[in-house]
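Below: one structure, written as structure tokens.
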Amino acid sequence: MMSLVTFTRNNALPLLRTSITVRIQLNSASLSSLVRLEEKQGYAVVAMHKPPVNSLSLEMIQALSESLSELEKNKCKGFILTSACPGIFSAGLDIREMYQPTEERLKEFWSSLQTLWLQLYGSKMASVALINGHAPAGGCLLAMCCDSRIMVNGKSKIGLNETKLGIVAPFWFKDTFVNTIGVRQSERALQLGSLFTPDEALKIGLVDRVLPDPEAATAVAESELKEFLQIPAMARYLSKMRIREAALKDLLENREKDLNTFVNFATTDAVQKGLGIYLQSLAKKN
Ligand SMILES: CCCC/C=C\CC(=O)SCCNC(=O)CCNC(=O)[C@H](O)C(C)(C)COP(=O)(O)OP(=O)(O)OC[C@H]1O[C@@H](n2cnc3c(N)ncnc32)[C@H](O)[C@@H]1OP(=O)(O)O
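For what it's worth, the numbering used here labels the leading residue of the sequence shown as 201, then goes sequentially.
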């Protein structure tokens, strides 16, 4: 079914702000509002918009993937990945996708997530994550795929907290983490399921800058992206691949095996029980 992602073009010449709508093929009409794309001078802003917490459901993952493909098709050089939901970058994978799932949807969910990671982590485009809220687990993964991370200070936390849910981050989450913060910090944080405050994240290199408010963070994210964009694109991309290509190759060569491992693990009684309890604890809070 044909669907729409909103794409706003901000033209300097003429001094008019025009809004165009780009038609892209998505799986469901409900994708239309999940990702907001805004074209700026020389780059784009990709804003996740799935209230309340930008959880990464199958539709959200596919909308993000389609948005990146759309940017590539339009020869976009770089983007800022952020959230249009106040206080939340992304709450990570939608736990309801993994709890009591049908096998068919669970497989499509995981396969779509693999595709999004391959696209984002291996992107030729320069990217900056503007982390304007909580970024646990899958939210942290999205941010780590970008070339730079700018976080707004406050109560939000970031990290891979999978063990707290009784689940294990797959090898490509781990590889992304290790490539970002190093082996020792990853080994400790992965086991403990640590979530870091912005200042703690800065200290271990999980984020690159912490700014006091969203406005300051946006300005820094823009200037950071422009710095990346000033480097000759091919040299910058190939240098990034020097660090990332082994991890990308590993998943590309083991996609099917990883999919089966995930499905087998996620559907065990122990994991299902753990996810059920975690979902209840989130609901009880409210
Ligand atoms: C082998 C498996 C490998 C898997 C690899 C990765 C796993 C993941 O990514 S698992 C997801 C991990 N994420 C989390 O642990 C975050 C859980 N959420 C929170 O801690 C809080 O919601 C958060 C701090 C993000 C925001 O807090 P609040 O602003 O106070 O919001 P609420 O907690 O009230 O939540 C609102 C609403 O959203 C539902 N919710 C929250 N997170 C998720 C999620 N990840 N998936 C699905 N639904 C989520 C929450 O239950 C509330 O729902 P209602 O009660 O129906 O309003």
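Note that CB positions come from ideal geometry on N, CA and C, so glycine has one too.
With a threshold of 6 Å (Cβ to nearest heavy atom), would residue i be considered close to ligand 1?
| i | result |
| --- | --- |
| E362 | yes |
| H334 | yes |
| A157 | In the structure as shown, the chain begins at 201 and stops at 486. Residue 157 is therefore absent and cannot be evaluated. |
| I367 | yes |
| A389 | no |
| I295 | yes |
| F371 | no |
| A337 | yes |
| L482 | yes |
| S255 | yes |
| N486 | yes |
| F377 | no |
| F279 | no |
Is the CB-CB distance between residue i and residue j below 7 Å?
| i | j | result |
| --- | --- | --- |
| V407 | R444 | no |
| L475 | Y321 | no |
| E424 | V328 | yes |
| P414 | N332 | yes |
| V487 | S283 | Examination of residue 487 is not possible in this model, given that the chain is present from 201 through 486 alone. |
| A244 | L271 | yes |
| E297 | F309 | yes |
| L318 | V463 | no |
| K324 | Y437 | yes |
| P398 | V383 | no |
| G292 | G339 | yes |
| I431 | F396 | no |
| I261 | L330 | no |
Take residue i and list the residues in its own chain whose beta-carbon comes closer than 6 Å to its own, dropping the five residues that flank it on each side.
| i | result |
| --- | --- |
| D294 | S255, L256 and S257 |
| D375 | A447 |
Going by beta carbon distance, what residues of the same chain come within less than 7 Å of residue i, once the five residues before and after it are set aside?
| i | result |
| --- | --- |
| F373 | L341 and L360 |
| G242 | K277 and L429 |
| K364 | G393 |
Give the secondary structure of residue i by DSSP, where H, G and I count as helix, E and B as strand, and everything else as coil.
| i | result |
| --- | --- |
| M351 | strand |
| S327 | strand |
| L251 | According to the sequence shown, residue 251 is Pro rather than Leu. Reduced to three states, the DSSP call for P251 is coil. |
| S283 | strand |
| V246 | strand |
Go through its chain and collect everything with a Cβ distance to residue i's Cβ below 8 Å, but skip five positions before and after it.
| i | result |
| --- | --- |
| V368 | E362 and F465 |
| T461 | P370 |
| D347 | A326, S327, V328, F428 and K440 |
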